[in-house]
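If you read the sequences in order, they're chains A and B.
In short: position in the first sequence from 1, add 70, done, that's the working numbering.
In short: position in the second sequence from 1, add 521, done, that's the working numbering.
The structure under discussion appears below in the form of structure tokens.
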Amino acid sequence: MGNLLKNLIADDVLKQNFEEAKPSFNQQEALDEANRCLYCYDAPCITACPTGIDIPSFIKKIASGNMKGSATTIMESNPVGASCARVCPTEELCEGACVLNHSTKAIPIGDLQRYATDWAIKNEQVLFQAGKKNGKRVAIVGSGPAGLSTARELARLGYEVTIFEKKNEAGGLDTFGIVPFRLPKEIALWEVGQVEKLGVEIRTNMELGKDIFADELFENYDAVVLAIGMSKVPMLGIVGEELSGIYDAIDLVERTKEGHYDAGFRGKRVAVIGAGNTAIDGATTSIRLGAENVKILYRRTEAEMTAYDFEYEFAKQDGVEFRWLTTPKRLISDEEGHVKQMECVKMELRDSGKDGRRRPVEITGSEFIMDVDIVVKAIGQTRHTKIIESFGLEHDGGVVKVDPESSITSNPKVYACGDVIFGKGVGEAMVVSAAQQGKETALSIHERFNESVKEIAL
Amino acid sequence: MADISINFAGIKSPNPYWLASAPPTNTGYQVQRAFEAGWGGAVWKTLGEPILNVTSRFGAHHFNGQRVAGFNNIELISDRPLEVNLKEIYETKKLYPDQVIIASLMVEPEREKWHELVKKVQDVGVDGIELNLGCPHGMSERGMGSAIGQHPDLVEMTTMYAKEAAIVPVITKLTPNITDIRVTAKAALQGGADAVSMINTINSLIGVDLDTWNTIPNVNGKGAHGGYCGPAVKPIALNMVGDCARDPGFNIPISGIGGVSTWQDTVEFMLMGAGGVQICTAAMHHGFRIIDDLTEGLSNYLDEKGIASVSEIIGASVEKYTDWSNLDLNHKVVARINNDICINCNKCHIACEDTSHQCIDMLKDENGNNYLKVREDDCVGCNLCSIVCPVDGAIDMIDLTPTEPPMSWNKREAAIKML
Ligand SMILES: Cc1cc2nc3c(=O)[nH]c(=O)nc-3n(C[C@H](O)[C@H](O)[C@H](O)COP(=O)(O)OP(=O)(O)OC[C@H]3O[C@@H](n4cnc5c(N)ncnc54)[C@H](O)[C@@H]3O)c2cc1C
Ligand SMILES: Cc1cc2nc3c(=O)[nH]c(=O)nc-3n(C[C@H](O)[C@H](O)[C@H](O)COP(=O)(O)O)c2cc1C
Ligand code: SF4
Ligand code: SF4
Ligand code: SF4
Chain A
71 MGNLLKNLIA DDVLKQNFEE AKPSFNQQEA LDEANRCLYC YDAPCITACP
121 TGIDIPSFIK KIASGNMKGS ATTIMESNPV GASCARVCPT EELCEGACVL
171 NHSTKAIPIG DLQRYATDWA IKNEQVLFQA GKKNGKRVAI VGSGPAGLST
221 ARELARLGYE VTIFEKKNEA GGLDTFGIVP FRLPKEIALW EVGQVEKLGV
271 EIRTNMELGK DIFADELFEN YDAVVLAIGM SKVPMLGIVG EELSGIYDAI
321 DLVERTKEGH YDAGFRGKRV AVIGAGNTAI DGATTSIRLG AENVKILYRR
371 TEAEMTAYDF EYEFAKQDGV EFRWLTTPKR LISDEEGHVK QMECVKMELR
421 DSGKDGRRRP VEITGSEFIM DVDIVVKAIG QTRHTKIIES FGLEHDGGVV
471 KVDPESSITS NPKVYACGDV IFGKGVGEAM VVSAAQQGKE TALSIHERFN
521 ESVKEIAL
Chain B
522 MADISINFAG IKSPNPYWLA SAPPTNTGYQ VQRAFEAGWG GAVWKTLGEP
572 ILNVTSRFGA HHFNGQRVAG FNNIELISDR PLEVNLKEIY ETKKLYPDQV
622 IIASLMVEPE REKWHELVKK VQDVGVDGIE LNLGCPHGMS ERGMGSAIGQ
672 HPDLVEMTTM YAKEAAIVPV ITKLTPNITD IRVTAKAALQ GGADAVSMIN
722 TINSLIGVDL DTWNTIPNVN GKGAHGGYCG PAVKPIALNM VGDCARDPGF
772 NIPISGIGGV STWQDTVEFM LMGAGGVQIC TAAMHHGFRI IDDLTEGLSN
822 YLDEKGIASV SEIIGASVEK YTDWSNLDLN HKVVARINND ICINCNKCHI
872 ACEDTSHQCI DMLKDENGNN YLKVREDDCV GCNLCSIVCP VDGAIDMIDL
922 TPTEPPMSWN KREAAIKML
């Protein structure tokens, strides 16, 4: 794609570059694939879906033409099922478990899920109803997949739910963080709308720690759910990081999600630091902004990179180059304070470090200079440690500690789910796990209040 | 949410889906599982005098990679003791009072035998009785099943015997192995049936093994004809239901059976006059859980159409089903190919060229690209091209604006007589 794009820099072309890359199934494709599904009993694909969607059932419903039923089956188990249809690493989850891998070819479950949820979006369906109010109030901080999922389940159970969101729109990384050519913003916002239709109040532009404080939440709500995800990309900690031309991958994606296509990338040489999905997204975004050449630098090798296989494939197809066992040491400025070069050093892998992974170590004397115009940082995400501490919650380097059974934190009134409890060194965080944790958190809250709620109802 | 409950010949059922009398309704355990899954009713596996079964019993017609386009069996009626079945019917009805249990019965055409069996099943609380006059294999060689169902006088008599002892509704189940189903349907009516159900299975042989030259299925090297059912028989069953429903002399409810696999099939059977449906093969292929989509799909369909109750659609298409002689001879339909959707497989061309009316031309445009075009003046509107076309929407069958008023064969004959 890189070559293709080099010369295409008109604004409307750029806009096209950020439209959803993969076409949706037409009816015939959907029916062909749906009829191929065996409708297994106790199907392994269901077990492999973190939210446990009844996959054979939703596929059978596509085949029978019960599209509303199909979408309902999906969204019932997964409140962000339309987003997940696009961003889940399906080869590692449902499709990887499909029994047809052993005989012919797995069913394209993600694409079928997209076909069914697209139908619901297009036909403006309202799939769920709010439960009868039970008098309990819950505050949720953060409106990403985890917060939305908790909110939807609680609303269906009759809770009065208020979400506080610091951004001007809800949806978390689905709305702002996952590249638009894989997940258009409208999809995430439809899911937000579905939750709002259940009477959930989403108060945007409300930042915890600035516009609203922990004490107020404790006072006014029966339970508080912390679903604030993770934060920005950390500093590289090398000389020259303050130069112009240095970007945070998540910020970069966010701007394209909002329809701002940075003209500064056209024809430029971009180096992306890191090798998770964020790095891939930073790299493919740079390509689509018209960059001439994009390299991903990673201090380990292909084998250790945490990006999903389909992401890695996607980047290679986009023409992204990879430089393994390479780390930046220093960013070099031109006269105007803009980055012009990067000093790198080659690495080698030595015996395992504390986390069991082999440790990259610099090879002395292997330094070299690389010409770059733009550097995109994508070495993971920092934690909202300050906010977590303002809640007085126990944490492990910014990872909130919860009881895995109940999602309850060290403060019995506070629950946490999603990326905010995502442990370090366990692969990549996923939308689908955040959604499942949200459901579990809602159930746990309901278990606590169920008895007292019943008393009120009597 | 639309109301999908039905009242079939006075039998109230939470939904129009009953399991047909067959292996799925063999035991209390199975019927209870089915009710737990949400089936509206079950017609118990046919009860009668003790029999012996053979193995193997089933065969299937797989078509181009799709399994079970049709299904065939040489199984007889229940091979479990009557007392055990009666006890399980009683227990199941106690546990699920709102769901329907119909006892399917088959004995020789003797008054006392029918009276005795009808009374026995009534005593354990069944909601209705179905007379199995349709089983085409085995039992028919002993003068039962379709051996009765093929004789209108025996159908009438047997129905009468059952009615004499019955206090619950009696449904006569008909065999399709006859020339005109309306004759036996009306015989059942004459005998006092409260309803009929159709169809039982069709005489069939699934195949012959190319290596052993044995029949499929075979029992120790020999085979016998079996009963055919499943998706392949749906058009046959639908016609029989429609034929009875449109007969002015026939006015009792029809339970539609034969190839019902989806909620869409169900809607079709009900539009054609069925008051409810029975299902066997689809459940045998996928298990009782299919009831989830059957009920939800039906209910969503009705909601979408703004119809409050499924009862409203019963028979709604019957008036559209008529004799050939009433069809409009002046109506003209032609095929039109949408070249932007067409994938140029030329299937329509060769079908029309070799086997219909030679009116699809293979052409080249100014850029040398192939395209197809129908010469509409020569097209007889037979539908063949659109039937063989593999792509949705590539061929539309267009109704042309009529140039003359409608004229059927009957009207034409009448007009000629007037001259
Ligand atoms: C670039 C990138 C690409 C990704 N790609 C994929 C992918 O392809 N597939 C996949 O499954 N996962 C992917 N992920 C991971 C996935 O997005 C997350 O796991 C998921 O969004 C976590 O959901 P969450 O609700 O816990 O947090 P988030 O989605 O981060 O939502 C947290 C919300 O809390 C709000 N918030 C934060 N602080 C405050 C505060 N103080 N006050 C009020 N509100 C606050 C935020 O604004 C945000 O809306 C990707 C992540 C990134 C960064
Ligand atoms: C294995 C098998 C056994 C059957 N046994 C009976 C029976 O005992 N009594 C009866 O009335 N019909 C019997 N039938 C016929 C079914 O009740 C039903 O009429 C027929 O299968 C058509 O429905 P379907 O296409 O949904 O299978 C049997 C069918 C099958 C496949
Ligand atoms: S495992 Fe594959 S074939 Fe089986 S139900 Fe799941 S998607 Fe269908
Ligand atoms: S399904 Fe298979 S295992 Fe079960 S009774 Fe029939 S032949 Fe035996
Ligand atoms: S059969 Fe359909 S797809 Fe094939 S050439 Fe004809 S119109 Fe085109």
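Backbone N, C-alpha and C fix where the C-beta goes; we use that ideal spot for every residue, glycine too.
beta-carbon A/P114 near ligand 3 non-hydrogen atom, thresh 7 Å: yes
Test item: CB-CB of B/L654 and B/T693 under 8 Å: yes
Ligand 1 heavy atom lying under 7 Å from the CB of A/K399: no
Among A/A104, A/T326, A/F335, A/G201, nearest to A/V270 - alpha-carbon criterion: A/G201
Beta-ladder partner(s) of A/K494, from DSSP: Answer by DSSP bridge pairing: none, since A/K494 is not bridged.
For A/A349, the three-state DSSP class (helix, strand or coil): helix
Chain B contact for A/N148 (CB, 8 Å cutoff): no
A/I515: CB within 7 Å of a non-hydrogen atom of ligand 5: no
Given 8 Å, three or more beta-carbon pairs between the region 468-486 of chain A and the region 285-296 of chain A: yes
Secondary structure of A/E381, DSSP reduced to three states: helix
Positions along the region 783-800 of chain B whose CB lies within less than 9 Å of some CB in chain A: T783, W784, Q785
Contact set between A/Y530 and chain B, taken where Cβ atoms lie within less than 7 Å: The question about residue 530 of chain A has no answer, for chain A in this structure spans 71 to 528.
Segment limits, beta strand (DSSP E) that includes B/I961: Nothing can be reported for residue 961 of chain B: it is not among the residues displayed for chain B, which extend from 522 to 940.
Contact set for B/N547: own chain, Cβ-Cβ below 6 Å, skip 5 residues either direction: K566
B/G780 CB to nearest heavy atom of ligand 2 below 7 Å: yes
Pair within 8 Å by beta-carbon distance, A/A258 and A/D244: yes
Per-residue DSSP class, three states only, for B/A714: coil
Coarse secondary structure for A/L75, derived from DSSP in three states: Reliability of the predicted coordinates at A/L75 is poor, the pLDDT of 49 falling under 50, and no value is obtained from them.
Beta-ladder partner(s) of B/I572, from DSSP: Its beta-bridge partners do not exist; DSSP assigns none.
Heavy atom of ligand 5 within 7 Å of B/C869 beta-carbon: yes
CB contact check: B/V912 to chain A, cutoff 8 Å: yes
Below-8 Å beta-carbon distance, A/G139 vs any chain B residue: yes
Sequence ranges, alpha helix (DSSP H) only - wholly within the region 411-462 of chain A, length at least 4: 455-460
Cβ-heavy atom distance, B/L884 to ligand 5, below 7 Å: no
Sequence ranges, alpha helix (DSSP H) only - wholly within the region 111-153 of chain A, length at least 4: 114-118, 125-134, 137-147
Within chain A, the residues that B/D813 reaches when beta carbons sit closer than 7 Å: S127
Cβ-based burial, B/V729 [other Cβ within 10 Å; buried from 16]: exposed
Identity of the residue in A/K410, A/V431, A/M412 nearest A/E418 by Cα: A/V431
C-beta neighbour in chain A for B/G751, strict 8 Å: no
Per-residue burial, B/E528 [other beta carbons within 10 Å of its own, 16 or more giving buried]: Checking the displayed sequence, the identity of residue 528 of chain B turns out to be Asn instead of Glu. Result: exposed.
Bridge-paired residues (DSSP) for A/F392: A/I366
Min CB distance B/G559 to chain A below 8 Å: no
Helix, strand or coil at A/M300 according to DSSP, with G and I counted as helix: coil
Exposed unless 16 or more other CB atoms sit within 10 angstroms - verdict on A/V445: buried
Per-residue burial, A/S173 [other beta carbons within 10 Å of its own, 16 or more giving buried]: exposed
Proximity to A/D379 [Cα-Cα], best of A/C158, A/P178, A/A113: A/C158
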